[in-house]
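> In my numbering, the protein residues as written are 125 to 234.
Here it is as structure tokens:
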């Protein structure tokens, strides 16, 4: 696998997307942009860990660590199952069994 795969959001007008990045056998999802055929990671200055809100002096890629390949697959499948669970059709939604030629009742039921 190439060490970087970019997905550009369909709704983005500025080339925003997510980069699947592999670095030292660890996978991450990184905020990125595409411009003129080049992919650029977005960088941030995280806060110090001493309780202050000051940023550290070194910038880092804006990423979510997924772990080694087997764990990364497990993590992504977990979230995919959660997303698919929310978009499935509910059993309590009634079907339109009147047919397309049946008269439609425009009266509001309340």
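Ideal Cβ placement from N, Cα and C applies to all residues, glycine included.
Note that the coordinates shown come from a computational prediction; the quantities given were computed from them, not determined experimentally.
1) Classify residue 169 as buried or exposed, calling it buried when 16 or more other Cβ atoms lie within 10 Å of its own Cβ.
2) So, is residue 177 buried or exposed, given that buried needs 16 or more other C-beta atoms within 10 angstroms?
3) Using the three-state DSSP reduction, which class does residue 130 fall into: helix, strand or coil?
4) With distances taken from CA atoms, which of 183, 203, 134, 145 is nearest residue 172?
5) Would you kindly report the start and end of the unbroken beta strand (DSSP E) that includes residue 150?
6) What number of angstroms, rounded off, separates the C-alpha of residue 157 from the C-alpha of residue 144?
7) Which same chain residues end up closer than 6 Å to residue 155 when comparing Cβ atoms and leaving out the 5 residues on each side of it in sequence?
8) Return yes when the Cβ of residue 196 is within less than 7 Å of the Cβ of residue 190, no when it is not.
9) Bridge partners for residue 186 per DSSP, in chain order?
10) Could you tell me whether the Cβ atoms of residue 141 and residue 132 are closer together than 7 Å?
11) Residues bridged to residue 279 by DSSP?
On the basis of the supplied data:
1) What you label residue 169 is simply residue 45 of the chain shown in a count that begins at 1. So residue 169 counts as exposed.
2) Start at 1 with the first residue of the chain shown, and residue 177 comes out as number 53. It is exposed - the Cβ of residue 177 has fewer than 16 other Cβ atoms within 10 Å.
3) Your numbering for residue 130 matches position 6 in the chain shown. In this structure, residue 130 counts as strand in the three-state DSSP scheme.
4) For this step, residue 172 is matched to residue 48 along the chain shown. The residue with the shortest Cα to Cα distance from residue 172 is 183.
5) The residue given as residue 150 occupies position 26 in the chain shown. Segment 150-159, the beta strand (DSSP E) holding residue 150.
6) As a working mapping, residue 157 is identified with position 33 in the chain shown. As a working mapping, residue 144 is identified with position 20 in the chain shown. If you take the alpha carbons of residue 157 and residue 144, they lie about 12 Å apart.
7) Along the chain shown, read from residue 1 onward, the residue named residue 155 stands at position 31. Once the five neighbours on either side are set aside, the close Cβ partners of residue 155 are 166, 186.
8) Residue mapping note: residue 190 aligns to position 66 of the chain shown, counting from 1. Residue mapping note: residue 196 aligns to position 72 of the chain shown, counting from 1. Cβ distance < 7 Å, so residue 190 and residue 196 count as in contact.
9) Reading the chain shown from its first residue, position 62 is the one you call residue 186. DSSP output for residue 186 lists no bridge partner at all.
10) Indexing the chain shown from 1 puts residue 141 at position 17. Indexing the chain shown from 1 puts residue 132 at position 8. Against a cut-off of 7 Å, the Cβ pair of residue 132 and residue 141 comes out as a contact.
11) There is simply no residue 279 to check, as the chain begins at 125 and stops at 234 in what is shown.
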